[in-house]
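One structure is given below, encoded as structure tokens.
Residue numbers (this note's numbering): -16 to 451.
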């Protein structure tokens, strides 16, 4: 698995330059923090996390090979458990505290295997499960949570390494964050009951890193939000079928790094989605949007907005479907914005044609597109954002249009540029060092500006003319 410098690969980056870029916020990807309004989510859209998440030094060759092998291995078929065949667990298997209104489970002392939480504990038919109560359990293989469970605190079942299937019939507003985090043997999850949302946060999605998860049955009561990182890293999940739900929105990186995800089905009433909700899903080819949805539409492997979606206006290219795109990509006429992370990581793209209608290419829109060789920019383009083409190492020549006014930091950093034509009116962020410079590490490049040529070593001279 090849990685760009942004995600832990580039050894040639100087430490000083990296520090500057981190401070400036140039290393971007899936963002975290507490989720707020749609506008707030859009402002941070996927721009702080994936790089930091996956960084930490150059990857060893053996490590990369093992990651690739893990992603390619096919798990054996899983036969679901019939809930009716599982006997209710003994009340004495659970340690709980009883109040006038609720029994709160604070510990488990049973033998594991198939566990069916009783509908009543201590005579109470309102049950809560405390934070981290089952954290790290290595004996439970099947878990049935009845409808009498009205509260489950964060991380209740995380790191349950033997857990293969879970049925959640609880009466909950939402599954809390980290609920089943890192349950690496989990194959199937059925979300029944009155669950209306699936929680998450940066590194704290409800099902984050459930690497064996192959099936999720979403209940019809799901109508709220699938939050940040909810299913990130579920690399064996192949289908996400939300068509029978009433889900309202899907958050940042909710299904990012689901490397075997092929099909997504969305309901009519989906209101908004983030441009990085399906970041780094290289197999994603089918994206079905129910008839009547007036927010999104898919055309030729690209998902576009037709109405306001999160912080994005109509006529935005939200993201490409890596498994559906041809080598030559044409953004449709009428598009005004190419969103952050829209085509990031997609390795099938060799050329991109951008129409005159596009005014802005946002952060990391084409980041780490290693095979991208040619970009035809439209004549209406005004802004190319931070790290928009960072790490496009097959890109050797670019002609920037006369309409361009602003280039973000490291917009073309760590490419393999030999020739760059700069328009007369452009301004850019020069950075504190050439490592943070707009064309960082393109040491063989020759830049043409107002009829004069400049080498990479003459960057300071260009900075004096073009820096903001």
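Note that beta-carbon positions come from the ideal geometry of N, C-alpha and C, so glycine has one too.
Integer Cβ distance of residue i from residue j, believed to fall under 8 Å
| i | j | result |
| --- | --- | --- |
| residue 89 | residue 100 | That belief does not hold up - the Cβ atoms of residue 89 and residue 100 are roughly 13 Å apart, past 8 Å. |
| residue 139 | residue 178 | About 14 Å; that fails the 8 Å criterion. |
| residue 345 | residue 322 | 6 Å |
| residue 194 | residue 218 | 5 Å |
| residue 186 | residue 216 | Actually they do not touch by this definition, with Cβ atoms about 10 Å apart. |
| residue 343 | residue 320 | 5 Å |
| residue 288 | residue 301 | 6 Å |
| residue 144 | residue 121 | 5 Å |
| residue 257 | residue 234 | 6 Å |
Length of the line joining the Cα atoms of residue i and residue j
| i | j | result |
| --- | --- | --- |
| residue 57 | residue 171 | 15 Å |
| residue 444 | residue 425 | 16 Å |
| residue 330 | residue 118 | 38 Å |
| residue 201 | residue 362 | 45 Å |
| residue 434 | residue 408 | 13 Å |
| residue 67 | residue 127 | 10 Å |
| residue 278 | residue 340 | 20 Å |
| residue 231 | residue 205 | 9 Å |
| residue 243 | residue 220 | 6 Å |
| residue 223 | residue 401 | 43 Å |
| residue 398 | residue 347 | 13 Å |
| residue 80 | residue 209 | 31 Å |
| residue 14 | residue 73 | In this prediction, residue 14 scores a pLDDT of 45, lower than 50, which makes its location untrustworthy; the coordinate-derived value is nonetheless stated afterwards. Rounded to the nearest angstrom, the two C-alpha atoms are 43 Å apart. |
| residue 441 | residue 403 | 14 Å |
| residue 379 | residue 351 | 14 Å |
| residue 60 | residue 431 | 58 Å |
| residue 214 | residue 446 | 43 Å |
| residue 169 | residue 96 | 14 Å |
| residue 293 | residue 211 | 14 Å |
| residue 151 | residue 237 | 20 Å |
| residue 332 | residue 308 | 7 Å |
| residue 282 | residue 316 | 12 Å |
| residue 130 | residue 147 | 20 Å |
| residue 30 | residue 370 | With a pLDDT of 38 at residue 30, under the threshold of 50, the modelled position of this residue cannot be trusted; read the value that follows with caution. If you take the alpha carbons of residue 30 and residue 370, they lie about 10 Å apart. |
| residue 385 | residue 367 | 13 Å |
| residue 133 | residue 124 | 23 Å |
| residue 154 | residue 286 | 34 Å |
| residue 390 | residue 295 | 21 Å |
| residue 261 | residue 375 | 20 Å |
| residue 65 | residue 349 | 46 Å |
| residue 189 | residue 116 | 15 Å |
Chain-order list of residues whose beta-carbon lies under 7 Å from that of residue i (same chain, five-residue window excluded)
| i | result |
| --- | --- |
| residue 291 | 297 |
| residue 76 | 91, 92, 93 |
| residue 449 | 409, 410, 411 |
| residue 207 | 157, 179, 180, 231 |
Extent of the continuous alpha helix (DSSP H) run through residue i
| i | result |
| --- | --- |
| residue 446 | 442 to 449 |
Extent of the continuous beta strand (DSSP E) run through residue i
| i | result |
| --- | --- |
| residue 172 | 171 to 174 |
| residue 135 | 132 to 135 |
| residue 86 | 86 to 91 |
| residue 97 | 96 to 99 |
| residue 201 | 198 to 201 |
| residue 393 | Careful: residue 393 lies outside any beta strand (DSSP E) and carries neither H nor E. |
| residue 313 | 311 to 313 |
| residue 458 | The first residue shown for the chain is -16 and the last is 451, placing residue 458 beyond what the model contains. |
| residue 336 | 334 to 336 |
| residue 79 | 77 to 81 |
| residue 69 | Per DSSP, residue 69 belongs to no beta strand (DSSP E) and is neither H nor E. |
| residue 248 | 246 to 249 |
| residue 222 | 222 to 224 |
Own chain, CB closer than 6 Å to residue i, minus 5 neighbours either side, in chain order
| i | result |
| --- | --- |
| residue 396 | 373, 423 |
| residue 142 | 118, 119, 165 |
| residue 387 | 364, 406, 409 |
| residue 269 | 246 |
| residue 252 | 229 |
| residue 86 | 79, 104, 105, 107, 110 |
| residue 393 | 9, 370, 373, 423 |
Other residues of its chain near residue i: CB distance less than 8 Å, five sequence neighbours each side excluded
| i | result |
| --- | --- |
| residue 226 | 248, 249, 250, 271, 273 |
| residue 334 | 310, 311, 312, 355, 356, 357, 358, 359 |
| residue 428 | 400, 401, 402, 403, 422, 438, 439 |
| residue 167 | 144, 192, 193, 194, 195 |
| residue 114 | 136, 137, 138, 139 |
| residue 454 | Residue 454 lies beyond the residue range present for the chain, which begins at -16 and ends at 451; the question has no answer from this structure. |
Next on the checklist: Quick check on the DSSP output: what are the complete alpha helix (DSSP H) runs of length 4 or more inside the stretch 108 to 156, in order along the chain?
Outcome noted: none
Checklist entry - Unbroken beta strand (DSSP E) runs of length 3 or more, entirely within the stretch 342 to 396: which are they? => result The stretch 342 to 396 contains these whole beta strand (DSSP E) runs: 357 to 359, 380 to 382.
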